[in-house]
Amino acid sequence: MTTELATTILSEFDLLRLGQLAIDAGAEIMRVYEGEFDVQIKGDQSPLTQADLASHAVIAHGLAQGFGHISVVSEEDAASHNAPEGETGPFFLVDPLDGTKEFINRRPDFTVNIALIENQRPTYGIIYAPVRKALYIGDVVAGVAYRIETETLNGLTLADFAPLKVRAAPQSLAAVCSLSHNSPETEAYLDLYGVAERVAIGSSLKFCLVAEGQADLYPRLGPTMEWDTAAGDAILTAAGGKVLSRDGAPLIYAKPRFFNPEFFAQGDIAFKVPN
Numbered sequence: 007m008t009t010e011l012a013t014t015i016l017s018e019f020d021l022l023r024l025g026q027l028a029i030d031a032g033a034e035i036m037r038v039y040e041g042e043f044d045v046q047i048k049g050d051q052s053p054l055t056q057a058d059l060a061s062h063a064v065i066a067h068g069l070a071q072g073f074g075h076i077s078v079v080s081e082e083d084a085a086s087h088n089a090p091e092g093e094t095g096p097f098f099l100v101d102p103l104d105g106t107k108e109f110i111n112r113r114p115d116f117t118v119n120i121a122l123i124e125n126q127r128p129t130y131g132i133i134y135a136p137v138r139k140a141l142y143i144g145d146v147v148a149g150v151a152y153r154i155e156t157e158t159l160n161g162l163t164l165a166d167f168a169p170l171k172v173r174a175a176p177q178s179l180a181a182v183c184s185l186s187h188n189s190p191e192t193e194a195y196l197d198l199y200g201v202a203e204r205v206a207i208g209s210s211l212k213f214c215l216v217a218e219g220q221a222d223l224y225p226r227l228g229p230t231m232e233w234d235t236a237a238g239d240a241i242l243t244a245a246g247g248k249v250l251s252r253d254g255a256p257l258i259y260a261k262p263r264f265f266n267p268e269f270f271a272q273g274d275i276a277f278k279v280p281n
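Mapped onto our numbering, the consecutive letters of the sequence shown carry residue numbers 7 to 281.
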């Protein structure tokens with residue numbers, strides 16, 4: 007395996023185009039969110055709605071039009087999951103609707119996730135939260151991350167975005183936890199750091215809270231899929247944080263079945279191995 011930095015360089019125009027694509031997908035999600043919709047259960051027992059499929063269609067079309075030379079792996083395209091293990095890329099890794107349970111329960115914490123993977127690491131990440139109208143962009147190659155609240159990027163440049171940076175570790179740490187997947191093991195891990203504050207929120211927004219200095223730690227001791235984490239990983243890494251495996255090395259991608267056993271997302275704090 008390799009974790010060398012990317013050789014694919016996305017321009018400001020490319021990043022803004024990807025950001026607008028996420029916003030456009032978010033608009034399709036909101037059309038479903040504001041009406042009545044059906045919920046199906048997929049083979050892996052995860053929920054699926056028309057919003058997942060509508061967002062996927064927008065992103066797949068947009069990536070084909072603007073970045074047709076780069077392959078795409080999307081949660082909602084089962085055929086794309088056959089990409090070879092250890093693929094060095096580049097390829098886009100997409101979760102058209104992260105936080106479907108939040109969406110179904112009319113909570114505002116769902117997101118659109120788009121990441122570019124190269125040499126088994128995310129090098130660029132886009133997250134858009136449609137209800138919050140918050141767009142995050144992470145450029146690991148340049149080492150910069152951004153946030154803006156908007157429904158369109160027409161006429162905007164990256165200079166209009168607020169830069170993101172993880173905060174220096176305070177005396178009293180704060181952690182973000184999953185609304186749906188917290189566990190006694192997670193609580194025990196937070197106790198290793200003496201975490202005083204816990205913020206529960208859904209979807210990839212947990213990475214964003216650490217990236218913008220509202221929290222210091224987000225451990226996930228249960229399984230996830232790579233499309234759940236890639237965009238947030240890029241944004242947090244670009245903001246000066248890190249997303250690690252149990253061995254303390256950066257989380258890698260293009261693993262078998264795009265499966266993450268566990269990970270530890272952190273700001274400016276030292277890594278501690280779980281018991």
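Think of the CB as a built atom: it goes at the ideal place given N, C-alpha and C, for glycine as much as any other residue.
Here the structure is a predicted model, which is why all the values come from computation and not from measurement.
Query                                                                                                                                        : Result
Does the count of Cβ pairs from the region 177-191 and the region 202-221 closer than 8 Å reach three?                                       : yes
Kindly indicate which residue of D20, H67, G200 and F116 has the alpha-carbon position closest to the one of T275.                           : Going by the sequence as given, residue 275 is Ile instead of Thr. Minimum Cα distance to I275 is reached at G200.
Does R127 come out as helix, strand or coil in the three-state DSSP assignment?                                                              : strand
To the nearest angstrom, report how far apart P229 and P267 are at their CA atoms.                                                           : 5 Å
Use the C-beta contact count for K248: other C-beta atoms within 10 angstroms, 16 or more gives buried, fewer gives exposed.                 : buried
Could you tell me the distance, in whole angstroms, from the CA atom of P256 to the CA atom of F43?                                          : 39 Å
Alpha carbon to alpha carbon, what distance is there between H75 and A28?                                                                    : 19 Å
Between which two residues does the beta strand (DSSP E) carrying I154 extend?                                                               : V150 to E155
Sort H62, L179, E82 and P90 by Cα distance to G219 and report the nearest one.                                                               : L179
Where I123 and F97 are concerned, what is the direct C-alpha to C-alpha distance, given to the nearest angstrom?                             : 5 Å
Would you list the residues sitting across from A206 in a DSSP beta bridge?                                                                  : C183
Which stretch, first to last residue, makes up the alpha helix (DSSP H) that contains F213?                                                  : L211 to A217
I need the DSSP call for R37, collapsed to helix, strand or coil.                                                                            : helix
Less than 6 Å between C-beta atoms, sequence neighbours within five positions excluded: which residues of the same chain meet that for Y142? : I133, R153, C214 and I241
Going by DSSP in three states, L109 sits in which element: helix, strand or coil?                                                            : The amino acid occupying residue 109 in the given sequence is Phe; Leu does not appear at that position. In this structure, F109 counts as helix in the three-state DSSP scheme.
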